[in-house]
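Per the UniProt record's numbering, the very first residue in the sequence shown carries number 1; after that it's consecutive.
Idealized CB from N, CA, C, for every residue including glycine.
Keep in mind the model is a prediction, meaning the values are calculated, not measured.
Shown next, in structure tokens, is the structure this report addresses.
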Amino acid sequence: MTWDTVDLEWSGDIATVTVDRPEALNALNVETIEAMGEAIAEARTEEARVLVVRGAGDDAFIAGADIKYMKDLSTPEGQAWGELGHSVANALERFPAPTIAVVDGYAFGGGCEMAMACDIRVGSESALIGNTEIDLGIIPGWGGTQRLPRLVGEETAKRMIYLGQRLDAETAREEGLLGEVVPDDEIDDRVAELAAELAEKPAFALQAAKDAIAQGYSDIGGLDYEKRTFGGLFGTPDQREGMDAFVENREPDFE
Ligand code: HXC
1 MTWDTVDLEW
11 SGDIATVTVD
21 RPEALNALNV
31 ETIEAMGEAI
41 AEARTEEARV
51 LVVRGAGDDA
61 FIAGADIKYM
71 KDLSTPEGQA
81 WGELGHSVAN
91 ALERFPAPTI
101 AVVDGYAFGG
111 GCEMAMACDI
121 RVGSESALIG
131 NTEIDLGIIP
141 GWGGTQRLPR
151 LVGEETAKRM
161 IYLGQRLDAE
171 TAREEGLLGE
181 VVPDDEIDDR
191 VAELAAELAE
201 KPAFALQAAK
211 DAIAQGYSDI
221 GGLDYEKRTF
231 GGLFGTPDQR
241 EGMDAFVENR
251 EPDFE
């Protein structure tokens with residue numbers, strides 16, 4: 001299968017899903033996130049030993065959900081949009097083999113959330129990452145309210161989400177949001193090396209380890225609560241103001 005804004009490539013048993021929407025810094029619109037879901041499903045069917053997720057180019061992993069698409073959504077549409085992203089994040093989290101996010105450049109909002117749904121996050125020195133949704137009058141809606149606190153702890157996650165912090169790579173590594181940071185021109189080699197090492201490990205034991213770790217975090221209630229709360233913010237004055245301000249390239253003025 002091929003898609004306009006997503007590629008699925010193979011190097012032996014290692015599958016790489018690349019989000020390729022350079023005009024929007026790889027921001028995810030409906031077409032792109034659906035394609036991403038299909039590419040992940042195909043990699044699963046073809047029994048990838050490792051799944052790598054990346055953005056095309058050096059500027060962005062994924063600059064978030066597409067704000068221009070989201071800005072006029074109604075509450076039910078916002079709800080459906082949240083559920084679509086959740087389904088793809090869950091497909092990453094439950095992928096039966098190890099997953100690696102290549103955070104080379106911007107990873108904001110939904111981009112940060114897709115990275116957090118992967119097992120391992122490798123960042124480049126120039127990466128910027130964070131759950132920045134608050135400045136758009138919404139909350140993380142693709143699992144960030146649940147996955148960020150697990151990675152960085154509750155208070156730090158609250159600071160990051162309440163303030164919409166955009167973290168540089170080194171700070172993100174210190175806080176536990178990135179597992180490692182490498183020079184920009186070394187990230188592809190480092191990810192290839194890590195993926196090759198993982199692909200040599202015993203696949204069933206890896207899957208068992210992943211499943212066992214996931215059991216400790218099987219907090220479906222929190223993810224469902226997030227989905228409902230996220231949808232309910234669409235149509236509020238602050239959501240409209242936050243997203244209009246982005247599109248009009250100005251600071252938001254919240255009520
Ligand atoms: C739509 C986006 C976008 C996004 C960038 N673009 N991010 N379009 N949705 N998330 C577009 C810009 O509008 C612009 O289009 C082009 O990409 C290049 O972006 P610039 O802003 O000109 O580049 P730069 O000055 O380098 O700034 C890059 C940036 C900034 C810092 C990443 O674009 C930015 O702050 N983007 C928004 C990041 C964000 O808030 N993400 C979270 C979204 S909410 P034009 O046409 O003008 O050239 C979210 C919610 C997920 O993800 C939860 C559930 C849905």
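Cβ-heavy atom distance, residue i to ligand 1, below 7 Å
i           : result
residue 132 : yes
residue 106 : yes
residue 140 : yes
residue 7   : no
residue 148 : no
residue 92  : no
residue 67  : yes
residue 42  : no
residue 246 : yes
residue 34  : no
residue 109 : yes
residue 212 : no
residue 24  : yes
Beta carbon of residue i nearer than 8 Å to that of residue j
i           : j           : result
residue 107 : residue 147 : no
residue 100 : residue 129 : no
residue 292 : residue 111 : As shown, the chain starts at 1 and ends at 255. That puts residue 292 outside it, with no answer to give.
residue 89  : residue 143 : yes
residue 254 : residue 138 : no
residue 61  : residue 17  : no
residue 6   : residue 35  : yes
residue 14  : residue 127 : no
residue 167 : residue 155 : no
residue 226 : residue 145 : yes
residue 109 : residue 58  : no
residue 125 : residue 181 : yes
residue 239 : residue 136 : yes
residue 177 : residue 194 : no
residue 43  : residue 8   : yes
According to DSSP, residues forming a beta bridge with residue i
i           : result
residue 51  : 15 and 99
residue 130 : 108
residue 9   : 16
residue 168 : 128
residue 28  : 65
residue 123 : 103 and 181
residue 212 : Paired residue(s): none; residue 212 is not in a bridge.
residue 60  : 106
Pairwise C-alpha distance: residue j and residue i
i           : j           : result
residue 237 : residue 251 : 15 Å
residue 26  : residue 204 : 33 Å
residue 170 : residue 78  : 33 Å
residue 160 : residue 55  : 23 Å
residue 234 : residue 41  : 29 Å
residue 98  : residue 232 : 34 Å
residue 28  : residue 22  : 11 Å
residue 86  : residue 96  : 17 Å
residue 38  : residue 12  : 20 Å
residue 30  : residue 183 : 33 Å
residue 67  : residue 19  : 17 Å
residue 270 : residue 51  : Because the chain here runs from 1 to 255, residue 270 falls outside it and cannot be looked at.
residue 249 : residue 131 : 19 Å
residue 133 : residue 242 : 9 Å
residue 2   : residue 84  : 20 Å
residue 24  : residue 210 : 33 Å
residue 157 : residue 10  : 35 Å
Contact with chain D by residue i, beta-carbon distance below 8 Å
i           : result
residue 178 : Of the protein chains in the structure, only one exists, and it is not chain D.
Cβ-based burial, residue i [other Cβ within 10 Å; buried from 16]
i           : result
residue 74  : exposed
residue 212 : exposed
residue 202 : exposed
residue 49  : buried
residue 140 : buried
residue 32  : buried
residue 81  : buried
residue 113 : buried
residue 197 : exposed
residue 214 : exposed
residue 257 : Because the chain here runs from 1 to 255, residue 257 falls outside it and cannot be looked at.
residue 93  : buried
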